[in-house]
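To start, the structure under review is shown below, and the notes come after it.
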Amino acid sequence: MKVNSLIIILTFLLISSFNLFSQETVNKESPINIVSLEASTLVYSYSIKYDFVFNSSTKSKPFLGIGVQYYPYTISYENVYTLFPHLGLLYGNKHFFEASFGASLDFKNKEHLFPVYLGYQYQSQQNFLVLKAGLNWIYLGSDQGESFFDLPAFLPLPTFAIGFRW
13 MKVNSLIIIL TFLLISSFNL FSQETVNKES PINIVSLEAS TLVYSYSIKY DFVFNSSTKS
73 KPFLGIGVQY YPYTISYENV YTLFPHLGLL YGNKHFFEAS FGASLDFKNK EHLFPVYLGY
133 QYQSQQNFLV LKAGLNWIYL GSDQGESFFD LPAFLPLPTF AIGFRW
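Numbering (the numbering used here), first residue to last: 13 to 178.
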């Protein structure tokens, strides 16, 4: 018993005498949080989104996000609310190219879409302003009954957003 406690004490003293350098090598840049209000045209939708951007010293910054979308009218239903988890990549320093993929989950009507977003994002460094413009590409399959001409198609939805970051 005495030998075990002596080994534990000596191990603790040995470990505590080392300088721990691991905290100095950790990236000290804090992550970026973005909240934005977004509107799409053609198939009108409005959304509130939150993005958690993993900040790094490189130009590419991955992010995770979640949002709530509202569609006043769709081809099949009216007043549709969807949950929108997404992940993507920002590339740039102040002016970013943004690419993301997500799922628009409509639990009430059991219709799920998987949009791909490609666009531009501007982040002001001084006053926390974020502006976004791009295209949301939504796949409409002929089996869903949502395609206008009974063929599978990718429908581009012009999208604009304004938000803030901290």
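Backbone N, C-alpha and C fix where the C-beta goes; we use that ideal spot for every residue, glycine too.
Since this is a predicted model, take the numbers as computed values, not measurements.
Between the options, which lies nearest to residue i when the distance is taken from Cα to Cα?
i: Tyr76; options: Lys61, Thr171, Leu167, Ser136; result: Before going on, a small fix: residue 76 reads as Leu here, not Tyr. Nearest option by C-alpha distance: Lys61.
i: Thr70; options: Glu90, Ser57, Gln81, Lys106; result: Lys106
i: Leu95; options: Ser72, Pro127, Phe108, Gly104; result: Pro127
From residue i to residue j, what distance separates their C-alpha atoms?
i: Val92; j: Gln135; result: 31 Å
i: Ile20; j: Leu49; result: 56 Å
i: Leu54; j: Asn148; result: 11 Å
i: Arg177; j: Ser59; result: 17 Å
i: Ser159; j: Pro97; result: Bear in mind that the predicted position of Ser159 carries a pLDDT of just 47, short of 50, making it unreliable; the figure below should be weighed with that in mind. Answer to the nearest angstrom: the Cα atoms are 24 Å apart.
i: Pro74; j: Glu41; result: 14 Å
i: Pro168; j: Asp63; result: 22 Å
How close, in whole Å, do the beta carbons of residue i and residue j come, if the pair is a contact with beta carbons under 8 Å?
i: Leu101; j: Ala111; result: 5 Å
i: Ile46; j: Gly175; result: 6 Å
Report yes or no: do three or more beta-carbon pairs, one from the region 115-126 and one from the region 135-146, lie closer than 8 Å?
no
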